[in-house]
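Some notes on the structure that comes next.
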Amino acid sequence: MSEIKDEPILDVQETYSKVEKYIIDNQKSLSIIIGAVVALVGGYIGYKYWYVAGQEEEARKEMYKAEAYFEMDSLDLAINGNGTDKGFLQIADEYGVAPSGNLAHYYLGISYLKKGEFENAIEHLTEFSADDQIIAPMAIGATGDAHMELGKTDEAIAYYLKAAEKSKNNFTSPMFLKKAAIAYEEKGSYADAVKIYERIKADFTDSNEGKEMDKYIARAQAAIN
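When we follow the numbering used here, the leftmost residue of the sequence shown carries the number 1, and every step to the right adds one.
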């Protein structure tokens, strides 16, 4: 066995002395840096709690009418407004830093998806950002729907799988896994489809999709054989 050489031991006293000397030598410049950091933190807090809060209050007032049009499927009015009330497009543009301005991108994406304007749908759905259990995966899955409509099956599958993993639950996860499996079937990848169908059956047994997986598994397996 080779001899293990002694490793140098850190001289703690020397280290702290060097740090102290650096602070003394650079006290003025460090004070400037610390002051700048404090100013940035203070500016961020002010931005978040005053400016963004004000933007959100205005955005919420503007969203009311656009949401009503969306619920009535009056999509053009929801998107563009009625000449007096703003639509989601203007709200997203003017209040993008506020939560409601961000949510306007989701509404825009779904509206454009319903209208068959799939590129516009993708643009706004990918602008939307959220981490909740339902809307976040729904936005990702809807992006998959838009890609599917454009004939981009591989991209659609990637989004469906991402949506399924975004927030694992008995609603969105099996729904988007099923869409991914169907997309695999459409491109002839039946073995991949079977794997996903079997996963739905095993992991999401109590979901609506889980209860009907046997027939999907049988269909995909028959195509393999």
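Beta carbons are placed, not taken as given, at the ideal position from N, Cα and C, and that holds for glycine.
Remember, it's a predicted structure, so these values are computed and weren't measured experimentally.
Asked	Found
Segment limits, alpha helix (DSSP H) that includes D203	190–203
Residue of G116, K115, Y107, E123 minimising C-alpha distance to I135	Y107
Straight-line gap, D93 to G101 (C-alpha atoms, nearest Å)	8 Å
Neighbourhood of Y190 by C-beta, 6 Å cutoff - its chain only, sequence neighbours within 5 removed	A220, A223, I224
Residue closest to I122, alpha-carbon to alpha-carbon, out of Q133, M138, K211	M138
Cβ pair Y217, K201 closer than 8 Å	The amino acid at residue 217 is misidentified as Tyr; the sequence shows Ile. Cβ atoms of I217 and K201: closer than 8 Å.
Beta-carbon spacing of T172, Y159 below 8 Å	no
Three-state class that DSSP yields for N170 in the structure shown	coil
Straight-line gap, K179 to F88 (C-alpha atoms, nearest Å)	28 Å
Nonlocal neighbours in the same chain, by C-beta distance under 8 Å from E67, ignoring five residues either side	A78, Y107
Distance CB(E62)-CB(I91) smaller than 8 Å	yes
Proximal residues to M213 (C-beta, below 7 Å), its chain only, five neighbours per side dropped	Y197, I200, K201
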